[in-house]
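Enquirer: Residue 2 is where the sequence shown starts when you use the numbering used here, and the numbers rise one by one after that.
Where is the CB? At the ideal position from N, CA and C, for every residue including glycine.
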Amino acid sequence: MPTITIVGAGSGLGLSIAKAFGDNGFSVALVSRTQEKLDALAAELDEAGIEAAGFAADVMDTSSIAAAFDRIKERFGAVDVLEYSPAPHTPVPGLSNPGPLEANRATIQPQIDYYLYGGIAATEQVLPTMIERDSGTILYTTGGTSQDPLAGPAEFTTTTIGSGALRSYALKLHQATEGTGVYVAHVPIFAWIGSGGPETQPDTIAKHYWTAHTTREGAEQPYAAL
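1) Please state whether DSSP places Ser169 in a helix, a strand or coil.
2) Could you give the first and the last residue of the continuous alpha helix (DSSP H) run that contains Gly119?
3) In this structure, how does DSSP classify Phe70 when only helix, strand and coil are distinguished?
4) For the candidate residues Ile162, Trp211, Val127 and Gly9, whose alpha-carbon lies nearest to that of Met61?
5) Is it the case that the region 70-88 contacts the region 23-35, given that we only count it when at least three CB pairs across the two stretches are under 8 Å?
6) DSSP on Pro87, reduced to helix/strand/coil?
7) What residue from Ala49, Ile113 and Ala53 has the CA that sits closest to Ile7's CA?
8) Can you check DSSP and say which residues form a bridge with Ala57?
9) Who are the near neighbours of Ala122 in its chain, counting only those whose CB is closer than 8 Å to its CB and skipping five residues on each side?
10) Which partner residues of Glu221 appear in the DSSP bridge assignment?
11) Let me know the secondary structure DSSP gives Thr108 once reduced to three states.
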């Protein structure tokens with residue numbers, strides 16, 4: 002059975018992505034900071050007939066990421082799909098969003114750690130095996146300001162910089178793996194998830210990820226609520 006690992010899993014989009022892949026025969030490994038919340042998500046997936054388990058880790062602690070993936074490999078084997086979406090829904094220590102006139106190295110560095118270095122740490126756990134097998138998918142999720150910095154308010158400055166760095170990394174990985182069995186793409190979301198009609202709902206957006214994985218077209222797979 003193929004496995005998807007969702008880093009940054011939560012009760013919104015992460016859970017919906019898990020269901021979208023689980024309904025298509027995937028087992029699901031869930032990664033976020035709180036084991037109790039992960040266990041609740043895994044239980045919900047199990048009730049839906051989807052094999053799932055949670056593995057607590059902090060994307061700002063590379064050793065915890067490595068340890069989590071060791072446990073994932075012990076439970077499920079090689080990871081076939083990695084989805085990285087570290088969107089904080091609760092305050093993350095060290096992260097702040099000052100405006101561009103107030104942002105400095107001290108406020109920008111934690112966002113780089115959170116988005117870029119966390120993404121690299123997770124990628125390092127799966128990409129070598131994917132390259133060896135010539136098979137796999139890696140999808141990096143960010144808000145739309147990573148692609149268009151002017152799409153959000155000025156207060157999103159440090160988040161925009163951190164997520165923009167992750168976008169650049171994703172695009173260069175796509176370039177390096179293009180034409181192989183490994184597909185890497187960036188998914189910028191131009192929508193406030195869950196804020197409006199069906200097009201903003203997690204279950205709708207999650208279908209976009211399954212399409213991206215199966216069609217494997219292009220370095221970027223933007224999602225915009227119509």
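Expert: Taking the coordinates as given:
1) helix
2) Gly119 to Glu125
3) helix
4) Gly9
5) yes
6) coil
7) Ala53
8) Ser33
9) Val60, Thr63, Ile66 and Ala67
10) His187
11) helix
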